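Working notes for the structure below.
Residue numbers (the working numbering), protein chains in the order written: chain S, 20 to 128; chain W, 3 to 119.
And the structure:
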């Protein structure tokens, strides 16, 4: 499987701060880049996704920035809240998705 | 969003027995469903792509005779772990795409935790 590299592995952010998670992919044929949020014991839930024809997409406090030439995309969580504490996975693909290794986010009160 | 339901949500079985996990798309039709396996604190690894009415496509390293997949209808795919062993203990998650949408969005089930004693 083509790799999707995600960093950091874990992240601690103070309440109200900005959480930033980065991903890089290899396959230039990928055309769908979603971010998933997963709580312990639950399946992943789609947060936000982007296609390569735009460089940024914002939904509420969540923003994806996409750099096609660098083959990188990132998730920004503005005004991070304790309830955002979860594991976040980036993914990339077309017919199937390849997932990054995940980032455990802890938002301290 | 669309709902994908998995059953059972958790199961404990003895080594050597077989376990069936169901994945249903509740309010949409899915010609393709995907089965993932997730070990603790690790990422989701695609096991196989389940195709309605035809054979599943397995990822490299996944034993198709051990992980039997059946996609008998547009709303149901099943994963059977045959002759389960403790190393098969994992979190199994299915996902599906709405055949009527062109967004590419994958909807995930809540997962099924298998513990093999």
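We treat Cβ as the ideally placed atom computed from N, Cα and C, and that holds for glycine. Keep in mind it's a predicted model, so treat the numbers as computed, not measured.
Within a 10 Å sphere around the beta-carbon of residue 103 of chain W sit fewer than 16 other beta-carbons, which makes this residue exposed. Counting along the chain, residue 51 of chain W sits inside the beta strand (DSSP E) bounded by residues 46-53. Residues of the region 34-51 of chain S with a C-beta atom less than 9 Å from some C-beta of chain W are 50 and 51, listed in chain order. Using a Cβ-Cβ cut-off of 7 Å, residue 79 of chain S does not count as an interface residue toward chain W, since no Cβ of chain W sits closer than that to its own. In the DSSP assignment, residue 97 of chain S falls outside any beta strand (DSSP E) and carries neither an H nor an E. For residue 95 of chain W, the nearest CB of chain S lies under 7 Å from its own CB, placing it at the interface with that chain. Look at residue 63 of chain W: its C-beta is not under 7 Å from any C-beta on chain S. Contact annotation, residue 83 of chain W with residue 68 of chain W: C-beta distance approximately 7 Å; criterion of less than 8 Å satisfied. Any Cβ of chain W closer than 7 Å to the Cβ of residue 63 of chain S would place that residue at the interface, and such an atom is present. With fewer than 16 other Cβ atoms inside 10 Å of its own Cβ, residue 70 of chain S counts as exposed. C-alpha of residue 11 of chain W to C-alpha of residue 60 of chain W: approximately 23 Å in a straight line. A check of alpha carbon separations from residue 54 of chain S across S:109, S:22 and S:119 identifies S:109 as the nearest. With 16 or more other Cβ atoms inside 10 Å of its own Cβ, residue 52 of chain W counts as buried. Between the C-alpha atoms of residue 118 of chain W and residue 15 of chain W there is a straight-line separation of about 5 Å.
Taking the beta carbon of residue 117 of chain W as reference, no residue of chain S falls within 7 Å; the closest one sits roughly 13 Å away. Closer than 7 Å at the C-beta level to chain W, one finds these residues of the region 102-119 of chain S: 108, 115, 116, 118 and 119. Annotation: the continuous beta strand (DSSP E) that includes residue 71 of chain W extends over 69-75.
Rounded to whole angstroms, the separation of the alpha carbons of residue 28 of chain S and residue 105 of chain S is 12 Å.
For residue 89 of chain S, none of the residues of chain W pass the 7 Å Cβ criterion, the least Cβ distance being about 22 Å.
When secondary structure is reduced to three states using DSSP, residue 78 of chain S falls in the strand class. Nearest CB-CB separation between residue 112 of chain W and chain S: below the 7 Å threshold. Along the region 6-40 of chain W, going in chain order, the ones with a CB nearer than 7 Å to a CB of chain S are 36.
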